[in-house]
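Engineer:
There are 2 protein chains.
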Amino acid sequence: MLRNDITVAIRNAVMSELAEVGYGRLSIEAVARRAGVGKTAIYRRWSNKLEMVLEIITDVAGRKVPVPDTGSFASDLDLLMMIVSRALQHRVASQIIPDLMAEAARNPQIAETLQRVLRIHQQSVGEKLVGQAVARGELPEGTDPDVAVDLILGPLYWRLAVSRQPIDDDYLEKLAAAVLGSLKGGSAT
Amino acid sequence: MLRNDITVAIRNAVMSELAEVGYGRLSIEAVARRAGVGKTAIYRRWSNKLEMVLEIITDVAGRKVPVPDTGSFASDLDLLMMIVSRALQHRVASQIIPDLMAEAARNPQIAETLQRVLRIHQQSVGEKLVGQAVARGELPEGTDPDVAVDLILGPLYWRLAVSRQPIDDDYLEKLAAAVLGSLKGGSAT
DNA sequence: ATGCGGCGGAACGCAACCGTTACGTCGTAG
DNA sequence: CTACGACGTAACGGTTGCGTTCCGCCGCAT
């Protein structure tokens, strides 16, 4: 019964508002205004701001990310870092993710939702990637996938979402090489 | 003329409010309430919320951090990572920093202030640490201090401020070893 | 003793937004 | 053709916070 084009307009408006003003300052009225929609239409779908945002975020973030499998760990790594850096350079991601992360620190529901959609992905990617590499003998037995994930995502996130310095291909190469070195070296035990 | 004890009370209240509700929802009235102070006292010192927060943040974050210099890069690194991880585990830091980072993405003044107080520190630490190590021959000539800083701070920040998983000594050791390996390996060129 | 100035408290008018409701329109299913 | 239901608009009372103003208190310097 609820018209789908209206729902889509609202979803888009929420994402834009989130990017522009953040969760804290997001108001239902602004979303309605932006979507060209009455508040009624929003309250007919969700009962409050938190529920609305959580549902939309879950939906958007829940889309599957393909795990690279190129045949060698080095090129898997290159590819993954390129994908991640591209993703983090999109306005939506680079604005919304840090904002929701900060919000998650005070709102358990947001925290729980984010962990579900982000960390589970992250973890499975890490395990698969490291697993493949270990099986191929490219990484030492017992390499900790958690450490690996932190080493891969941490610097990228820091650069792009925190430090907000631009990343060029040259830099990405250096970083990939360093990460590769660190894992080959001795994150074992 | 302005009473100093009042100023201190306000500063503390601002930091607490920032940690609890974030910049977006921080209200002058709440700060005044918390500090046990009239709004008048606040407006007598700063003319608005942004100016107040910027001044206080600059002041708090501007305190110098000693750069480790233990004689070997490996132990410098261990020490630095321990210091940073300790700092990031404090409630104030782990709540306020991500919040302000997110806010910085849309407020140029906040962004500029944070970059001044954080990045400059960060950069100088990186350059000094890497410089020492290269001079000692512990790292290859031409090691990029930027990459090094990202490799050191990125994973820690990711773990503690984003992923929010606990860090134990064992994990810290693995991470330090990995970072060391990556830098010794080949982040050069 | 007098006066200056910072202080807390209270109230101001204004704006934004909450969540709800009433109303009139319009497309569609029956 | 009719009835239903989602739609936009507009208004509701209530809350919160802004930035300002005025008051009376009190400490301090003269």
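Residue numbers (the working numbering), protein chains in the order written: chain U, 6 to 194; chain X, 6 to 194.
Just so it is clear, CB atoms sit at the ideal spot from N, CA and C, and this is done for glycine as well.
If we cut at 8 Å on Cβ distances, does Ser192/X have a partner in chain U?
Structural biologist: Start at 1 with the first residue of the second sequence, and residue 192/X comes out as number 187. A caution first: Ser192/X carries a pLDDT of 47, below 50, which makes its placement in the model too unreliable to give a value.
Engineer: When DSSP labels each residue in this structure, what does Glu143/X get in the three-state scheme?
Structural biologist: Numbered from its first residue, the second sequence carries residue 143/X at position 138. Reduced to three states, the DSSP call for Glu143/X is coil.
Engineer: Would you mind telling me which residues of chain U sit closer than 8 Å to Pro103/X, beta carbon to beta carbon, in chain order?
Structural biologist: Here residue 103/X is taken as the residue at index 98 of the second sequence, counted from 1. Result: Pro103, Met106, Ala107, Ala110.
Engineer: What residue ranges within the stretch 135-191 of chain X form continuous alpha helix (DSSP H) runs of no fewer than 4 residues, ordered along the chain?
Structural biologist: Taking 4 residues as the minimum length, the alpha helix (DSSP H) runs contained wholly in the stretch 135-191 of chain X are 150-162, 174-191, in order along the chain.
Engineer: Give a yes or no on contact between the stretch 8-18 of chain U and the stretch 29-42 of chain U, applying the rule of three or more CB pairs nearer than 8 Å.
Structural biologist: yes
Engineer: In the DSSP assignment, the alpha helix (DSSP H) including Pro103/X goes from what residue to what residue?
Structural biologist: Position 98 of the second sequence, counted from the start, is the residue given in the question as residue 103/X. Counting along the chain, the alpha helix (DSSP H) containing Pro103/X begins and ends at 96-109.
Engineer: Can you find a CB in chain X that lies within less than 8 Å of the CB of Gln94/U?
Structural biologist: In the first sequence, the residue the question calls residue 94/U occupies position 89. Not an interface residue.
Engineer: Taking only beta-carbon atoms, is Gly186/U less than 8 Å away from chain X?
Structural biologist: By one-based count along the first sequence, residue 186/U stands at place 181. Chain X contact via Cβ: present.
Engineer: For the alpha helix (DSSP H) containing Gln114/X, list its first residue and its last residue.
Structural biologist: Along the second sequence, one-based indexing puts residue 114/X at 109. That run of the alpha helix (DSSP H) goes 113-119.
Engineer: Just confirm the distance between the C-beta atoms of Leu105/U and Tyr162/U, as a whole number of angstroms; I'd bet it's less than 8 Å.
Structural biologist: What you label residue 105/U is simply residue 100 of the first sequence in a count that begins at 1. What you label residue 162/U is simply residue 157 of the first sequence in a count that begins at 1. The Cβ separation is near 13 Å, so there is no contact.
Engineer: Using alpha carbons as the reference points, say which of Ser77/X, Leu31/X, Arg124/X lies closest to Arg141/X.
Structural biologist: The residue given as residue 141/X occupies position 136 in the second sequence. Closest option to Arg141/X, Cα to Cα, is Ser77/X.
Engineer: Rounding to the nearest angstrom, what Cα-Cα distance links Ala116/X and His95/X in this structure?
Structural biologist: Here the question's residue 116/X lines up with position 111 in the second sequence. Here the question's residue 95/X lines up with position 90 in the second sequence. Spanning the two alpha carbons is a distance of roughly 22 Å.
Engineer: Taking the C-alpha atoms as reference points, what is the distance between Val65/X and Thr118/X?
Structural biologist: Position 60 of the second sequence, counting from 1, holds the residue named residue 65/X. Position 113 of the second sequence, counting from 1, holds the residue named residue 118/X. For Val65/X and Thr118/X, the distance between alpha carbons rounds to 12 Å.
Engineer: Give the residues of chain X in contact with Ala98/U, contact being defined as C-beta atoms less than 9 Å apart.
Structural biologist: Locating residue 98/U in the first sequence gives position 93, where the first residue counts as 1. Neighbours of Ala98/U on chain X: none; closest Cβ ~11 Å, over 9 Å.
Engineer: Check the Cβ-Cβ distances between Tyr162/X and every residue of chain U, and say whether any is below 8 Å.
Structural biologist: Position 157 of the second sequence, counted from the first residue, corresponds to residue 162/X. So yes, Tyr162/X belongs to the interface.
Engineer: Kindly say whether Ser18/X, judged by its beta-carbon, lies nearer than 8 Å to any beta-carbon of chain U.
Structural biologist: Within the second sequence, the letter at position 13 stands for residue 18/X. Note that residue 18/X is Ala in the sequence shown, not Ser. So, not an interface residue.
Engineer: Any contact of the stretch 169-183 of chain U with the stretch 168-178 of chain X, i.e. 3+ C-beta pairs under 8 Å?
Structural biologist: Contact between the stretch 169-183 of chain U and the stretch 168-178 of chain X is absent: fewer than three C-beta pairs spanning the two stretches fall below 8 Å.
Engineer: Which of helix, strand or coil does DSSP assign to Met6/X?
Structural biologist: Here residue 6/X refers to the residue found at position 1 when the second sequence is read from its first residue. Met6/X: coil per DSSP, three-state reduction.
Engineer: Within 10 angstroms of its Cβ, does Ile125/X collect 16 or more other Cβ (buried), or is it exposed?
Structural biologist: Taking the second sequence and counting its residues from 1, the one referred to as residue 125/X is at position 120. The residue in question, Ile125/X, is exposed, as its Cβ has fewer than 16 Cβ neighbours within 10 Å.
Engineer: Can you list, in chain order, the residues of its chain whose CB lies under 7 Å from that of Glu22/U, leaving out five sequence neighbours each side?
Structural biologist: As a position in the first sequence, residue 22/U is number 17, starting the count at 1. Within the same chain, Glu22/U has close Cβ partners Leu31, Ala35, Val36, Arg39.
Engineer: Could you have a look at Arg91/X and say whether DSSP puts it in helix, strand or coil?
Structural biologist: Looking up residue 91/X in the second sequence gives position 86. If DSSP states are grouped into helix, strand and coil, Arg91/X belongs with the helices.
Engineer: Just to confirm, are Ile157/X and Met86/X a CB contact at a threshold of 8 Å?
Structural biologist: By 1-based counting over the second sequence, the position of residue 157/X is 152. By 1-based counting over the second sequence, the position of residue 86/X is 81. A Cβ-Cβ contact shorter than 8 Å links Ile157/X with Met86/X.
Engineer: Using beta-carbon positions only, say whether Val130/X and Val184/X come within less than 8 Å of one another.
Structural biologist: Taking the second sequence and counting its residues from 1, the one referred to as residue 130/X is at position 125. Taking the second sequence and counting its residues from 1, the one referred to as residue 184/X is at position 179. No, the Cβ-Cβ distance between Val130/X and Val184/X is not below 8 Å.
Engineer: Arg30/X CB to nearest chain U CB: under 8 Å?
Structural biologist: Along the second sequence, read from residue 1 onward, the residue named residue 30/X stands at position 25. With 8 Å as the cut-off, Arg30/X counts as an interface residue toward chain U.
Engineer: Return no unless some Cβ of chain U is closer than 8 Å to the Cβ of Leu158/X.
Structural biologist: As a position in the second sequence, residue 158/X is number 153, starting the count at 1. Yes - at least one Cβ of chain U is within 8 Å of the one on Leu158/X.
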